[in-house]
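If you read the sequences in order, they're chains R and L.
No gaps in the numbering here: position 93 of the first sequence is 92 in numbering that gives the first Met the number 0, and each next residue is one more.
No gaps in the numbering here: position 100 of the second sequence is 99 in numbering that gives the first Met the number 0, and each next residue is one more.
The beta-carbon is built from N, C-alpha and C at its ideal position, and this holds for glycine as well.
The model shown is predicted, which means the values in this text are computed figures rather than measured ones.
Have a look at the structure below, then the notes.
2 protein chains.
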Amino acid sequence: MRLSVRGEYALRAMQVLARDYQEDDSVVRIQEISEKQNIPKRFLEQILNDLKSAGLVVSKRGVAGGYRLKRKPEQISLSEIIRHIEGPLAPVSCVSEKFYEKCSCPDESRCAIRSVMKEVRDSIVQVMDKTSLADLAARAQALEQQPLNPYDFII
Amino acid sequence: MRLSVRGEYALRAMQVLARDYQEDDSVVRIQEISEKQNIPKRFLEQILNDLKSAGLVVSKRGVAGGYRLKRKPEQISLSEIIRHIEGPLAPVSCVSEKFYEKCSCPDESRCAIRSVMKEVRDSIVQVMDKTSLADLAARAQALEQQPLNPYDFII
DNA sequence: GAAATATCTATTGACATAGTAGGGTTTTGA
DNA sequence: TCAAAACCCTACTATGTCAATAGATATTTC
């Protein structure tokens, strides 16, 4: 049930872009994202390219180039990012809405495991759909004002 | 966020064992599980062996041998099975309770992504913890009495 | 036109996944 | 007692994915 490193990097990069987002055409350099988030630069390059072909970011080439969100942070959900980088959110593809595939069980329509997995899927999607990059940024700001304590989590 | 085939097979096998579970010492043959669930026999052998060393099933050797659940179906949750076969239920291990690992982000205690992932983890665990093999069996029975319609799901 | 940047294509090493293969051990029952 | 049916153990392999790394190219600005 794991997110790949690639997916995690994508989220972290998008978070930076959301944070620096402005209405004008300002962009953020790969280098900067890479340094802020400890992500290997060349690898990040590929990931941002993926996000670009997914229509989530746009790039500007040349000396003052870089990346920016294609839409406002409020209009990009985490689920959209993960789906493009990782594929299905569902634990088994026989319960996936966007990437459905038949499974090998004897009778899918009466499979109890499938029905539980559908519950799992729905609860994952519920969290990831409702959380936008803007929410993420707000949450980050709230966390920054917390006292520094490794045992504190905001849930 | 995917479950491996191995994990899926483990659930399907355990479901069969739960279904055939009796208080006496009766066992189910690998062959039978394999046929019922379309699982390659030799592969299933390995998986059941894993489940055995995890203390979830016991085996009986010899000509009338096979496997049975070590505990009652009510006392085995899906989360326990998956954790033994797959490892962490959490999407990133920096939010895992049982398999925690530090991640590469600049400040874990103030990481907004982490806090969202913790929500995701909790909602996955909530479903998988509360669902036992007995629940699964009951659900299977309910599904069997449903009319045959591929668009019907019980949620 | 030089420098800084992004872009594209290919390759790689490590690891995991999903099996397959071959033999070995235990138990039963004819 | 011996063979068959079951589980047990170790190893192997083909395939694919992951996480980069590398090299060359294109674009923009100063």
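At the 8 angstroms Cβ level, is I170 of chain L part of the contact set with chain R, yes or no? Outside the shown range of chain L, which is 0 to 154, sits residue 170 of chain L, and nothing can be said about it.
Span of the beta strand (DSSP E) holding G6 of chain L? For the purposes of this step, residue 6 of chain L is taken as the residue at position 7 of the second sequence. Careful: G6 of chain L lies outside any beta strand (DSSP E), inside the alpha helix (DSSP H) at 4-18.
Apart from the five residues on each side of it in sequence, which residues of its chain come closer than 6 angstroms, Cβ to Cβ, to V119 of chain R? Working through the first sequence from its first residue, we reach residue 119 of chain R at position 120. Excluding sequence positions up to five before and after V119 of chain R, its CB lies within less than 6 angstroms of the CB of P90, all in the same chain and listed in chain order.
Classify V62 of chain R: buried if its beta carbon has 16 or more other beta carbons within 10 angstroms, exposed otherwise. Position 63 of the first sequence holds residue 62 of chain R. V62 of chain R counts as exposed, since fewer than 16 other C-beta atoms from the protein chains shown sit within 10 angstroms of its C-beta.
Beta strand (DSSP E) segment containing L68 of chain L, residue limits: On the second sequence, position 69 is the one that residue 68 of chain L refers to. Start and end: 65-68.
Can you list, in chain order, the residues of its chain whose CB lies under 6 angstroms from that of L77 of chain L, leaving out five sequence neighbours each side? Taking the first residue of the second sequence as position 1, residue 77 of chain L is located at position 78. In its chain, beyond the 5 residues on either side, M127, T130 have a beta carbon closer than 6 angstroms to the beta carbon of L77 of chain L.
I'd like to know whether the C-beta atoms of I75 of chain L and L55 of chain L end up nearer to each other than 8 angstroms. As a first step, residue 75 of chain L must be located in the second sequence, where it is residue number 76. As a first step, residue 55 of chain L must be located in the second sequence, where it is residue number 56. Contact flag set, yes.
List, in chain order, every chain R residue whose beta-carbon is nearer than 8 angstroms to that of I112 of chain L. Locating residue 112 of chain L in the second sequence gives position 113, where the first residue counts as 1. Ordered by position in chain R, the residues that pass the 8 angstroms Cβ test against I112 of chain L are E7, L10, R11, Q14, L135.
State the Cα-Cα distance for the pair L50 of chain L and V94 of chain R, rounded to the nearest angstrom. Residue numbering aside, residue 50 of chain L sits at position 51 when the second sequence is read from its first letter. Residue numbering aside, residue 94 of chain R sits at position 95 when the first sequence is read from its first letter. When rounded, the distance between both Cα atoms is 25 angstroms.
The segment 36-49 of chain L: which residues have C-beta closer than 9 angstroms to a C-beta of chain R, in chain order? Per Cβ criterion, the list reads Q36, N37, I38.
CB-CB length for S92 of chain L against E100 of chain L, believed under 8 angstroms: Locating residue 92 of chain L in the second sequence gives position 93, where the first residue counts as 1. Locating residue 100 of chain L in the second sequence gives position 101, where the first residue counts as 1. Sure, about 4 angstroms apart at Cβ, within 8 angstroms.
Along chain L, which residues have their Cβ under 9 angstroms away from the Cβ of P115 of chain R? Reading the first sequence from its first residue, position 116 is the one you call residue 115 of chain R. Note that residue 115 of chain R corresponds to Val in the displayed sequence, not to Pro. Going along chain L in sequence order, the residues near V115 of chain R (Cβ under 9 angstroms) are L10, L77, V126, M127, T130, D134, L135, R138.
Please name the residue in R:A139, R:G86, R:D23 whose C-alpha comes closest to that of R67 of chain R. As a first step, residue 67 of chain R must be located in the first sequence, where it is residue number 68. When C-alpha distances from R67 of chain R are compared across R:A139, R:G86, R:D23, the shortest belongs to R:D23.
Determine, for K71 of chain R, whether the minimum Cβ-Cβ distance to residues of chain L falls below 8 angstroms. Within the first sequence, residue 71 of chain R is the residue found at index 72, counting from 1. Judged by the 8 angstroms Cβ criterion, K71 of chain R is not in contact with chain L.
Is the shortest distance between the beta-carbon of E156 of chain L and the beta-carbons of chain R less than 8 angstroms? Residue 156 of chain L falls outside the range modelled here, since chain L spans only 0 to 154, and no answer is possible.
Give me, in chain order, the residues of the same chain whose beta-carbon lies closer than 6 angstroms to that of M116 of chain L; leave out the 5 immediate sequence neighbours on both sides. Translated into the one-based positions of the second sequence, residue 116 of chain L becomes position 117. Correct list, in chain order: P90, V91, V94.
Whose CA, out of L:V26, L:R41, L:N37, lies closest to the CA of E107 of chain R? Start at 1 with the first residue of the first sequence, and residue 107 of chain R comes out as number 108. The shortest C-alpha separation from E107 of chain R is found at L:N37.
Spatial neighbours of V15 of chain R within its chain, please: C-beta separation below 7 angstroms, excluding the five flanking residues on both sides. Numbered from its first residue, the first sequence carries residue 15 of chain R at position 16. Answer for V15 of chain R: V27, I32, K35, Q36, listed in chain order.
Identify every run of the beta strand (DSSP E) within the segment 48-99 of chain L, keeping only runs that are complete inside it and at least 3 residues long; order them along the chain. Along the length of the segment 48-99 of chain L, whole beta strand (DSSP E) runs at least 3 residues long occupy 56-59, 65-68, reported in chain order.
Consult DSSP for S108 of chain R and reduce its assignment to one of helix, strand or coil. Here residue 108 of chain R corresponds to residue number 109 of the first sequence, with the count starting at 1. In this structure, S108 of chain R counts as helix in the three-state DSSP scheme.
Looking only at DSSP bridge pairs, what is V27 of chain R linked to? Position 28 of the first sequence holds residue 27 of chain R. Beta-bridge partners assigned by DSSP to V27 of chain R: R:Y66.
Using a C-beta cutoff of 8 angstroms, does V27 of chain L count as contacting chain R? As a working mapping, residue 27 of chain L is identified with position 28 in the second sequence. Closer than 8 angstroms: no.
For S103 of chain L, count neighbouring Cβ atoms within 10 angstroms of its own Cβ and tell me buried if that reaches 16, exposed if not. The count along the second sequence starts at 1 and reaches residue 103 of chain L at position 104. It counts as exposed.
Can you give the Cα-Cα distance for D19 of chain R and K69 of chain R, rounded to whole angstroms? Locating residue 19 of chain R in the first sequence gives position 20, counting from the first residue. Locating residue 69 of chain R in the first sequence gives position 70, counting from the first residue. C-alpha of D19 of chain R to C-alpha of K69 of chain R: approximately 13 angstroms in a straight line.
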